[in-house]
Every structure is written in C-alpha cells, then in structure tokens.
Amino acid sequence: MDKTKPLIILITMGDPAGSGPELVLKSLTHRDLWRTARYVVVGDLGVLMKAREITKSYDIVLKEISSIDETASFRELEVGVVNLGNVDLKRLEYGKPSEIGGKASYEYIVKAVELLMKGEAAALVTAPISKESLHLAGYRYPGHTELLAELSGVKTVKMMLVARHLRVSHVSTHVSLRRAIELVTKHNVLETITMTHEALVRLFKIANPRIAVSGLNPHAGESGIMGHEEASEIEPAVEEARMRGINAQGPFPPDTVFYRAYYNREFDAVIAMYHDQGHIAVKMVGFAEGVNLTLGLPFIRTSPDHGTAWDKAGKGTANESAAVEAIRLAMNLASSLILQDKV
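FYI, the numbering for the sequence shown is 1 to 343, going by our numbering.
Here is the structure:
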C-alpha cells in the first residue's frame, strides 16, 4: 500500500436483505469522511444501486472495479465496488434472514480479508450481517468476529466497544451467561488486559493507559461474601499485568466502574467480564453511535455496534450514526498507524 496516497478503507456491505447497504451509502455522503480516505465496498453492485435509490444518495457515484489500484484517481464521493454479483434481486426479500443473504455476506467477508491480507487496504469496516442467515447458508459462526479470526489465521481476538470516550473490552462475548462465568479465569482476564493495553498504546496513542478491571459479582465480590472469582481469578490477573508494567487497577464494583470511566474520566478503558456487562454501559452512553473494534486481528476492523435492523431494511430509514462512527474510527486509527510508520 502506497503511504503517499489516500487511505483505502474496505467496507463489506453486510446482509443484502438488511439495512447494511443503505447504511453504507448514507454514511459515505458525510463529506468529512473523505478528508484522508477513499472507499471500496465489497458487495453486490445491483443491491448497492438499489440502496442508492432507496436512500436518495445520489451524490455517491458507484464504480465497479477489478483492481484496488483503479481508485487512485477517484475523487470525493466516488466509491469503488468489488462486485461479486451474487444476489438475485428478484429473489431478494428485505427484512428477512435467508440462505441467499448468508451466503452473499459470507463471500463479501472472505473477499475483503483476502484483499487486506495482501496489504491492498488500510482498514476494514463491516456492515451488519445476520447470524441466522449465516446459519441458514451452512456457516456455523457465532458472528463476524469469529469468522474474521479464522480467515486471518488468528486464534485469539477480543471485542472492544467504543462510544465517545468510553472504551470497553470484553473477556467473553457470544456465549451463555453460565459459560461466561466459567471463562472468567486469570489467563483470560490477563489476556484481555494485555490486548487492551497494546491497542491503547499502538492505535489510540495513549502512552500509559489507565485500565480499570470490573469485578464479576455484585460489589466485586464483597471480600468473598458474594463470590470468589475476584480473589481467585481477577485480582491475580491484575497483579500479573501490573508486574508487566501495565497500569491496570481493580477489580472494581461493576455498577460504578463505568460511571467513573465515562463521567469522571478516571480510566482510558474498562475490562468487562462478559457481553452484557460491557454492552449495556456502552449503549447507555452512545446507543446510536457505538462502534465495535476487534483486537488481535492483523488489520484494523471496526463495525457499527448494532444488527441488521430488519424492520428498516428497504425503507431508507435506518440511522447511519454508528456506521459513520465506525468508518471515522477506522480512518483515524489507520491514519495514526501510517503516521507512526513514517516516524
């Protein structure tokens, strides 16, 4: 990738029957996103053209490309399309999970990872897919993150949610609550702390990030009265992290640590023990603008922190705020890395 040219950000358009294609086009009408980047959408040109009509995003010019290099001469609002041509518009039903949607969205992700692993783009933004559609098409992945990890040959990834200045990483995500409790081990907590620290230093340029670690139980266990995981697993992980030079603190009571991080700005990130513990906090402060940043991949990947919005698909009414923030974060992080490499 030529570092003297605008950044190339790949965007997968998501499930063709969901609001992903519409969100992509609505987002790219925000002109501030074009300051340092150009965009290539991996998807189906027919679906995108229809989404352009639905959303009245007439300023966007969609150009089918066979090579990323073709975007070198593109101007603002000119969007490259890697057209896989894998959707029959006559059979497409908006607002419903389907085998067609699952197969198509899977193929967009595979193609995008292929391009990223060749170094042809600076970052990836993924529009929402449907787990049900994936399963109907025979792909048994819990979601985007697990599929991206497998395709890029990575064993361990972590989800960080970002909403304004609140950043929350998760020890576990798409598992049952019973299983999530089992996954609260010293190893898993320490791994999450370490990956979060590395991301804050490398991507967010925070020299000595302050990381708060949430407890699992009410009142962070209350000295073992309400649970033992804090003493047996979480505290040892925090101590080990501190021995490695990481500014980790905790475990803190879950009902106050997010307030302290967001409103008091005492911490640069919080480690949540399971999916809902972290997600609820983020969605309370930024429901329409939360972004998922995947830690551990060999490339930058962000996505809006919401699903396919089936009820809005095909109507042009889905709120693009989170998609805009996902693109902006990918652009900013990629720009930051390139500037770092030039130093």
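For each residue, glycine too, the CB sits at the ideal point set by N, CA and C.
Keep in mind it's a predicted model, so treat the numbers as computed, not measured.
Item: Bridge partners - Ile211, DSSP secondary structure assignment; Value: Ala248, Ala269
Item: Residues that Tyr58 bridges to, as DSSP identifies them; Value: Paired residues: none, contrary to the question.
Item: Beta-carbon contacts of Lys342 that lie in its chain and below 6 Å, excluding the five residues immediately before and after; Value: Bear in mind that a pLDDT of 47 at Lys342, under 50, signals an unreliable position, so the model cannot answer this.
Item: Where Pro16 falls, given that 16 or more other Cβ within 10 Å makes a residue buried; Value: buried
Item: Candidates Leu293, Lys312, Ser169, Glu146: closest to Thr302 by CA position; Value: Leu293
Item: Length of the line joining the Cα atoms of Pro209 and Thr196; Value: 9 Å
Item: Three-state class that DSSP yields for Ala163 in the structure shown; Value: strand
Item: Reduced DSSP category for Tyr141 - H, G, I as helix; E, B as strand; rest coil; Value: coil
Item: Close Cβ partners of Val47 (< 6 Å) along its chain, the five nearest in sequence each way excluded; Value: Pro16, Pro21, Val87
Item: Residues near Lys378 in its chain [Cβ-Cβ closer than 7 Å; skip 5 each side]; Value: The structure shown does not extend to residue 378, since the chain is modelled only from 1 through 343, so no value can be given for it.
Item: DSSP state of Tyr39 mapped onto helix, strand, coil; Value: strand
Item: Spatial distance of Arg355 from Pro142 (CA atoms); Value: Because residue 355 is not part of the residues shown, which for the chain are 1 to 343, the question remains open.
Item: Extent of the continuous beta strand (DSSP E) to which Gly80 belongs; Value: 78-83
Item: Alpha-carbon to alpha-carbon, Pro253 and Leu10; Value: 39 Å
Item: Cβ separation of Ala248 and Ala241, assumed to be a contact under 8 Å, to the nearest whole Å; Value: 4 Å
Item: Supposed close pair Leu161, Val184 - CB separation, criterion 8 Å; Value: With 8 Å as the limit, Leu161 and Val184 do not qualify as a contact, their Cβ atoms being about 18 Å apart.
Item: Beta-bridge partners of Pro304, as assigned by DSSP; Value: Val291
Item: Three-state secondary structure (DSSP) of Leu10; Value: strand
Item: DSSP state of Thr194 mapped onto helix, strand, coil; Value: helix
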